[in-house]
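Protein chains in written order, with our numbering: chain A, -7 to 192; chain B, 20 to 174. Beta carbons are placed, not taken as given, at the ideal position from N, Cα and C, and that holds for glycine. Please read these numbers as outputs of a predicted model, since none were measured by experiment. Remarks on the structure that follows.
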Amino acid sequence: MAVEDIGSGCSSSGDQEFHVLAVDDSIIDRKVIERLLKISLTAVESGSRALQYLGIDGERSSLGFDELKVNLIITDYSMPGMTGYELLKKIKGSTKLRKIPVVIMSSENILARIDRCLEEGAEDFLMKPVQLSDVERLRDFMLRGGEDREVVGCKRKTRDDSCSSSVLSCDRDHPLSPISVSAMAHCKPISKRSRLLATD
Amino acid sequence: MERQAAYLRNALFDQGYLDEQFLQLEDLQDETNPHFVEEVVKLFYTDSVRLIQSIELTLKNTPRDFEKLDKIMHQFKGSSTSIGAKKVKKECTQFQEYCNVGNVEGCIREFQEVKQEHAALKRKLENYFQVFHVVHVACKRSSLSHLHNDYSDAK
Chain A
-7 MAVEDIGSGC SSSGDQEFHV LAVDDSIIDR KVIERLLKIS LTAVESGSRA LQYLGIDGER
53 SSLGFDELKV NLIITDYSMP GMTGYELLKK IKGSTKLRKI PVVIMSSENI LARIDRCLEE
113 GAEDFLMKPV QLSDVERLRD FMLRGGEDRE VVGCKRKTRD DSCSSSVLSC DRDHPLSPIS
173 VSAMAHCKPI SKRSRLLATD
Chain B
20 MERQAAYLRN ALFDQGYLDE QFLQLEDLQD ETNPHFVEEV VKLFYTDSVR LIQSIELTLK
80 NTPRDFEKLD KIMHQFKGSS TSIGAKKVKK ECTQFQEYCN VGNVEGCIRE FQEVKQEHAA
140 LKRKLENYFQ VFHVVHVACK RSSLSHLHND YSDAK
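Here's what the structure looks like:
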């Protein structure tokens, strides 16, 4: 099988077509996130529709995994039916999908919720309404293609400027060049959560 | 006309109808999406009709299902927040507080406030967008006529 046939991650990061799956029951928020991300995006209204799209809703999807191109999933937390947290668990519980980074959005600043999501493997937790500054961080991540990163677990600390990012490790899914540890040290913290801790 | 548009817009902020989220939406508007803000606002007003109807129905049923009311209002508040509808959002929060303590009269009263603010903002935004359109078209026309002149000169 030719290299270029494999999934979405084999080309260099500059050529990579990044595709996002956005999950939100609010049609307004779906429209805004689409405009915010300014990137190839599929928006669905529920967790169950997301699972259908991803091909793990229990039914055999006609789409093979190699054809499915989702590099990032961004989902609302509070949705009727399946919550974003439940969706996260299903994705992380699936061998073929668990490596896709998942970002959770919520309008409610509930620390237990945030912790739960991060511990379940969420890449980041954004407070709604999502703003351009949040997206800048996501875009950096997306443009880098979601490479390997180190875990520097600072989940329960209060805001500390010296604390480097609480970033979750991903196994190598796409053969892109890893960024060095020293480059990691200069990463901005995933500070939405620490901003929340600070304001509390 | 431009001044009028600016005046209307600033008044919406000064009078507390809109907050910085509206600015975020404006930041997302550009030449490729020149009516983005208006589209989002229109979407909000279309979508909120069903939420308002749903709350109205649920408020009529006895015993009141406060959990359901809170859930619907949560959605409504979320959308209001997304467009920067500051006063609407405030009334939504108040409504939810009444739900949390099971205060029926409070809910009913507060829901009227929600609807009033919702309608008031709609009128003001419609007015603002009308003026904005005129300004936008005028700008386009003048930039296009400028191009036309350039072309004629070049011939």
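- Following the DSSP letters along the chain, one finds residue 12 (chain A) inside the beta strand (DSSP E) bounded by residues 12 to 15.
- Cβ neighbours of residue 80 (chain A) within its own chain (closer than 8 Å, five residues either side excluded): 67, 94, 96, 109, 112, 113 and 114.
- The Cβ atoms of residue 119 (chain A) and residue 10 (chain A) do not sit closer than 7 Å to each other.
- Between residue 156 (chain B) and residue 20 (chain B) the beta-carbon gap is near 10 Å, outside 8 Å, which marks them as no contact.
- When only Cα atoms are considered, residue 57 (chain B) and residue 131 (chain A) end up about 26 Å apart.
- Ranked by how close their Cα comes to the Cα of residue 99 (chain B), the residues B:147, B:25, B:22 and B:71 have B:71 in first place.
- For the segment 19 to 35 of chain A, the set of residues with a beta-carbon nearer than 8 Å to any beta-carbon of chain B comprises 19, 20, 21, 23, 24, 27 and 28, in chain order.
- Residues of chain B with a Cβ closer than 7 Å to the Cβ of residue 124 (chain A) are, in chain order, 43 and 46.
- Only those residues of the segment 93 to 109 of chain A whose C-beta falls short of 8 Å from the nearest C-beta of chain B are listed: 99.
- CA-to-CA, the gap between residue 30 (chain B) and residue 90 (chain A) works out to about 49 Å.
- Counted as a single uninterrupted DSSP element, the stretch harbouring residue 38 (chain A) is not any alpha helix (DSSP H), since DSSP gives it neither H nor E.
- For residue 29 (chain A), the three-state secondary structure derived from DSSP is helix.
- Residue 98 (chain B) belongs to the set of residues whose beta carbon lies under 7 Å from a beta carbon in chain A.
- The Cβ atoms of residue 89 (chain B) and residue 115 (chain B) lie closer than 7 Å to each other.
- It is roughly 11 Å from the alpha-carbon of residue 158 (chain B) to the alpha-carbon of residue 165 (chain B).
- Per the coordinates, the alpha-carbon of residue 12 (chain A) lies some 12 Å from the alpha-carbon of residue 27 (chain A).
- A check of alpha carbon separations from residue 61 (chain B) across B:108, B:161, B:137 and B:162 identifies B:137 as the nearest.
- Fully contained in the segment 78 to 130 of chain B are the following alpha helix (DSSP H) runs of length 4 or more, in chain order: 85 to 102 and 105 to 119.
- For residue 73 (chain A), the CB contacts under 7 Å within the same chain, skipping 5 residues up- and downstream, are 38, 39 and 40 in chain order.
- Within the model, the alpha-carbon separation for residue 106 (chain A) versus residue 117 (chain A) is close to 7 Å.
- Any Cβ of chain A closer than 7 Å to the Cβ of residue 89 (chain B) would place that residue at the interface, and such an atom is absent.
- With fewer than 16 neighbouring CB atoms inside 10 Å of its own CB, residue 52 (chain B) falls in the exposed class.
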